[in-house]
Amino acid sequence: MIEVPASKKECFFEDLHVNDKMTVTYQVGGGGHLDIDFWLADPDNVALGKDIKQSQGTVQITAKKNGRYEYCFSNQMSTVVDKMVSFNVHGVIYVDDE
1 MIEVPASKKE CFFEDLHVND KMTVTYQVGG GGHLDIDFWL ADPDNVALGK
51 DIKQSQGTVQ ITAKKNGRYE YCFSNQMSTV VDKMVSFNVH GVIYVDDE
């Protein structure tokens with residue numbers, strides 16, 4: 001579980017290869033209206049998944065390119081209340097048979 005302070009965001013990353021699969025599941029467990037903004041972006045910072053003001057969610061991707069994929073939880077819409085967010089990241093690494 002992480003705490004996302006009011007007016008801030010917390011970001012994490014995973015290094016993926018082509019055809020790797022990644023799933024991020026999250027839930028807001030405390031703080032204000034129990035909502036958070038979430039997004040996941042590819043190495044070129046192109047958004048692959050985005051949830052606005054949600055209390056929970058799941059985003060699944062299959063990597064189209066090698067590189068660092070970033071996902072963030074944003075509480076920038078709140079000026080006073082910190083949010084507690086629990087999340088899990090699951091992945092399947094693609095292994096080439098060659």
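According to the UniProt record's numbering, the sequence shown is numbered sequentially starting from 1. Beta carbons: idealized from backbone N, C-alpha and C, even for Gly. These figures come from a predicted structure and were not determined experimentally.
Residues near residue i in its chain [Cβ-Cβ closer than 8 Å; skip 5 each side]
{"i": "Val18", "result": "Ala63, Lys64, Lys65, Asn66 and Tyr94"}
{"i": "Ala47", "result": "Trp39, Leu40 and Ala41"}
Which of helix, strand or coil DSSP assigns to residue i
{"i": "Asn88", "result": "strand"}
{"i": "Gln27", "result": "strand"}
{"i": "Lys21", "result": "strand"}
{"i": "Ile52", "result": "strand"}
{"i": "Gln60", "result": "strand"}
{"i": "Ser74", "result": "strand"}
{"i": "Ala6", "result": "coil"}
{"i": "residue 101", "result": "Nothing in the structure corresponds to residue 101, since the chain is present only between 1 and 98."}
Spatial distance of residue i from residue j (CA atoms)
{"i": "Ser74", "j": "Lys8", "result": "6 Å"}
{"i": "Glu70", "j": "Lys53", "result": "19 Å"}
Limits of the unbroken beta strand (DSSP E) element including residue i
{"i": "Gly32", "result": "First-last for Gly32: undefined, no H or E at that position."}
{"i": "Lys9", "result": "Lys9 to Leu16"}
Residues of its chain near residue i, where Cβ-Cβ distance is below 6 Å and the 5 sequence neighbours each way are ignored
{"i": "Gly21", "result": "According to the sequence displayed, residue 21 carries Lys and not Gly. The residues are Thr62 and Val92."}
Proximity test, Cβ basis, 8 Å: residue i and chain C
{"i": "Glu14", "result": "Included in the structure is just one protein chain, with no chain C present."}
Same chain, Cβ closer than 7 Å to residue i, five either side skipped, listed in chain order
{"i": "Gly57", "result": "Tyr26, Phe38 and Asp51"}
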